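Written below as structure tokens is the structure these notes are about.
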Amino acid sequence: MSNQIPEPIIEEVKKSNDIVDVIGEYIQLKKQGKNYFGLCPFHGENTPSFSVTQEKQIFHCFGCGKGGNVFSFLMEMENFTFYEALKYLADRTGVELPTASIKKESSLSEETEQMLSAYEWLTKLYHHLIKYQKDGKDGLEYLKSRGITKETLEEFQIGYAPNKRDFTATFLTQKGYSKPMLLKTGIVAGNDNNEVIDRFRGRVIFPIRNALGRTVGFGGRALDGDSGPKYLNSSEGELFQKSKLLYNFDLAKRHIRKENEAILMEGYMDVISAYQAGVKNVVATMGTALTETQAKLLNRYVDTVIVCFDGDSAGIEARYKAALLLRSVGCEVRLANLDAKEDPDSYIREHGGEAFKEKVLRTSDSYMSFFMRYQRRHFNLQLESERIEYIERVLKELSLIESALEREYYIQELHKEFDLSVETLMSQLAQYQKSLPASKDNQSNKSYTNQYVSVNKRKLYPAYINAEKRILSYMLQDAYIAEKIQNELGAGFNVNDHKIVATHLYAFYEEGNSPDISLFMERLSDEHLKNQVIKLAMSSDVQNSTEEEIDDYLRIIHREANQSPTKKSLKEQQKKAEQENDPLEAARLAMELIQLQKQKNEK
Numbered sequence: 001m002s003n004q005i006p007e008p009i010i011e012e013v014k015k016s017n018d019i020v021d022v023i024g025e026y027i028q029l030k031k032q033g034k035n036y037f038g039l040c041p042f043h044g045e046n047t048p049s050f051s052v053t054q055e056k057q058i059f060h061c062f063g064c065g066k067g068g069n070v071f072s073f074l075m076e077m078e079n080f081t082f083y084e085a086l087k088y089l090a091d092r093t094g095v096e097l098p099t100a101s102i103k104k105e106s107s108l109s110e111e112t113e114q115m116l117s118a119y120e121w122l123t124k125l126y127h128h129l130i131k132y133q134k135d136g137k138d139g140l141e142y143l144k145s146r147g148i149t150k151e152t153l154e155e156f157q158i159g160y161a162p163n164k165r166d167f168t169a170t171f172l173t174q175k176g177y178s179k180p181m182l183l184k185t186g187i188v189a190g191n192d193n194n195e196v197i198d199r200f201r202g203r204v205i206f207p208i209r210n211a212l213g214r215t216v217g218f219g220g221r222a223l224d225g226d227s228g229p230k231y232l233n234s235s236e237g238e239l240f241q242k243s244k245l246l247y248n249f250d251l252a253k254r255h256i257r258k259e260n261e262a263i264l265m266e267g268y269m270d271v272i273s274a275y276q277a278g279v280k281n282v283v284a285t286m287g288t289a290l291t292e293t294q295a296k297l298l299n300r301y302v303d304t305v306i307v308c309f310d311g312d313s314a315g316i317e318a319r320y321k322a323a324l325l326l327r328s329v330g331c332e333v334r335l336a337n338l339d340a341k342e343d344p345d346s347y348i349r350e351h352g353g354e355a356f357k358e359k360v361l362r363t364s365d366s367y368m369s370f371f372m373r374y375q376r377r378h379f380n381l382q383l384e385s386e387r388i389e390y391i392e393r394v395l396k397e398l399s400l401i402e403s404a405l406e407r408e409y410y411i412q413e414l415h416k417e418f419d420l421s422v423e424t425l426m427s428q429l430a431q432y433q434k435s436l437p438a439s440k441d442n443q444s445n446k447s448y449t450n451q452y453v454s455v456n457k458r459k460l461y462p463a464y465i466n467a468e469k470r471i472l473s474y475m476l477q478d479a480y481i482a483e484k485i486q487n488e489l490g491a492g493f494n495v496n497d498h499k500i501v502a503t504h505l506y507a508f509y510e511e512g513n514s515p516d517i518s519l520f521m522e523r524l525s526d527e528h529l530k531n532q533v534i535k536l537a538m539s540s541d542v543q544n545s546t547e548e549e550i551d552d553y554l555r556i557i558h559r560e561a562n563q564s565p566t567k568k569s570l571k572e573q574q575k576k577a578e579q580e581n582d583p584l585e586a587a588r589l590a591m592e593l594i595q596l597q598k599q600k601n602e603k
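In terms of the UniProt record's numbering, the sequence shown opens at residue 1 and continues consecutively.
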């Protein structure tokens, strides 16, 4: 695809989108030395093995092996075609793409594109109605009564669907969308009389967007008690999967990164009120229980999540379940407290945004503090047997806490409340710790260190292969070294992949290009070769190279190339014997090789 677009345009788009910034919109990156590390978004892990090199503008995961540049990251992450990745990055930084003679490939099916287009039209229509038309007056009055400003109405593109059965279907069919498609996607509904009716009629409309900001569904809030459930969502389908989406994630993600914490709520109005009050790192589960997919999405972005659900019994139970799930994927959890009759929206409307920040969010409990209060609700502490059971349950939970300081703090709390000696409590705690499995799967080891190397157990290669790898790594970063190798070795590498990479690299520099690993990768169509280049580029730093080292590598490569045909044949036979699990034959051939080497040394 890339060869249909002028290379200067591709290069301009790439240079205007730093790979650390782009990937940082998807995962939390922390700097370690020259590189940045985070949890790989392509496979599950607790120890960061995903590395991003700003200087070389490439990424590589030492766990699953995926790697590439800013384009390939988006193609993998969003299932984009090359053009879609290019268009997304161009729009992100205001680079204009030429429209003539470029085939605009899409990774989405025609039906999916139609669905997205229909949702886009409806978002604009419903929003226009609530702002300017008589048909949207009821919706606008409702939002005003909830304290929603014009600016917030605009930012969230909130709308209103008129209370007319065929309004939406008529509008969309006039735009060219077929009724069967609209029924299949759930944008409209059918009845027993084969009529197509608006399932959101008479409701305030909250567009639900994916991480890229495209509307993929609606949430509708009824204005009276005769319109079915108070809240109604789009039906589940290819685009709208409630278990994978978080409301407001597209707007909140940059604020989440900035604050290094996310605030999790339950509903649309909670999020909108908080956002309007200046709390912008806020998302919601849209009224359903938090799922593992949503928890992992948050964990990719932040270490800390504040759970801020309703203050009633159902909200407390949902808080506890969400906390357990978030901790299981590696998040640090804090839990905000609201009175039994309060929710985030009502608290903000009554007390204001600053009070919400100071008295609810900043005073939120640690997980352990919440856990103790949560457990107390299930015990009658006036009874001795239940006091003991409560203390045991708290100690078992404390045994899972890695921080010695935190354990000591809560031991002191138990000591003061129940008049038990610290020694006794610590002794019981130690017993519970001994019974734990060696690896605490419930605790995340989110350590940003060089531990990533251990994830990728390095193979032991012969000296000539290591020499070729190191030389190619230097060539990728330095045109002078590449020219020296071209003059002294040419394509005389012993490994076929190395020959191909070197040949492409010579041509790349002969065209006048400066060292640019990311751009060079765009010249390679073979994914296997691209992965080889990524691994080579990540393996060493050209600044540490010396002329003597390079000359040593060349001697090793030449020596291997000049081996006698007999020795090469024996090595190939030995390798084949090992692959066929024939240790006796492999050992016999090894002895022949040793004998051959002795004869060579005696000459």
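We put the CB at the ideal spot given by N, CA and C, even for glycine.
Computed from a predicted structure; not experimentally measured.
- Exclusion of the five residues before and after Leu-472 leaves His-498, Val-501, Ala-502, Leu-536 as the residues of its chain whose Cβ lies within less than 7 Å of its Cβ.
- Comparing alpha-carbon positions, the option among Phe-493, Cys-331, Gly-139, Arg-165 lying closest to Thr-304 turns out to be Cys-331.
- Counting only the Cα atoms, Gly-38 lies some 41 Å from Phe-200.
- In this structure, Ser-399 places its C-beta atom within 7 Å of the C-beta atom of Gln-433.
- Per the DSSP secondary-structure output, Met-265 pairs in a beta bridge with Ala-284.
- Annotation: the segment 56-129 contains the following complete segments of the alpha helix (DSSP H) (minimum length 4 residues), in chain order: 70-77, 82-93.
- Where Ser-313 is concerned, the enclosing alpha helix (DSSP H) starts and stops at 313-328.
- It is roughly 19 Å from the alpha-carbon of Glu-110 to the alpha-carbon of Val-188.
- Between Phe-370 and Ala-295 a beta carbon distance of about 17 Å is seen, past the 8 Å cut, so the two are scored as non-contacting.
- The three-state secondary structure of Ala-277, taken from DSSP, is coil.
- Here Val-495 is actually not in contact with Ile-517; their C-beta atoms are around 19 Å apart, not less than 8 Å.
- Contact annotation, Asp-250 with Ala-211: C-beta distance approximately 6 Å; criterion of less than 8 Å satisfied.
- With respect to the 7 Å criterion, Ala-262 and Asn-281 are classified as neighbours on the basis of their beta carbons.
- In the three-state reduction of the DSSP assignment, Phe-309 falls in the coil class.
- For Met-269, same chain residues with a beta-carbon under 7 Å away, outside a window of 5 residues either side, are Arg-146, Asp-345 in chain order.
- Per DSSP, the beta-bridge partners of Asn-35 are Gln-32, Thr-53.
- Between Leu-395 and Gln-428, the C-beta spacing is below 7 Å.
- Residue pairing from DSSP places Leu-335 in a beta bridge opposite Val-307, Asp-365.
- Assignment of Tyr-247 by DSSP, reduced to helix, strand and coil, places it in the strand class.
- Between Gln-54 and Val-70 a beta carbon distance of about 11 Å is seen, past the 8 Å cut, so the two are scored as non-contacting.
- The three-state secondary structure of Gly-176, taken from DSSP, is coil.
- For Gln-574, the closest C-alpha among the options Arg-588, Asn-562, Ala-561 is that of Arg-588.
- Nearest C-alpha to Ala-586 among Ile-594, Gln-595, Lys-576: Lys-576.
- Judged by DSSP secondary structure, Ile-205 falls within the beta strand (DSSP E) whose first and last residues are 203-209.
- Remark: fewer than three beta-carbon pairs, one from each stretch, lie closer than 8 Å, so the segment 299-319 and the segment 237-244 are not flagged as touching.
- Measuring C-alpha to C-alpha distances from Asp-343 to each of Leu-326, Arg-376, Cys-308 identifies Cys-308 as the nearest.
- The Cβ atoms of Ile-130 and Gly-139 sit closer than 7 Å to each other.
- Around the beta carbon of Phe-508, a 10 Å sphere encloses 16 or more other beta carbons of the protein chains shown; the residue is thus reported as buried.
- The secondary-structure analysis by DSSP pairs Gly-190 across a beta bridge with Val-196.
- When secondary structure is reduced to three states using DSSP, Thr-546 falls in the coil class, being assigned neither helix nor strand.
- For Arg-559, DSSP records no beta bridge to any residue.
- Phe-508: member of the alpha helix (DSSP H) spanning 496-510, first to last residue.
- About 7 Å separates the Cβ atoms of Gly-220 and Ala-161, confirming a contact at the 8 Å cut-off.
- Inclusion of Val-302 and Ala-336 in the CB contact set at 7 Å is not warranted, their separation being larger than that value.
- The Cβ-Cβ distance between Tyr-374 and Tyr-409 does not fall below 7 Å.
- Between Thr-123 and Thr-215, the C-beta spacing is below 7 Å.
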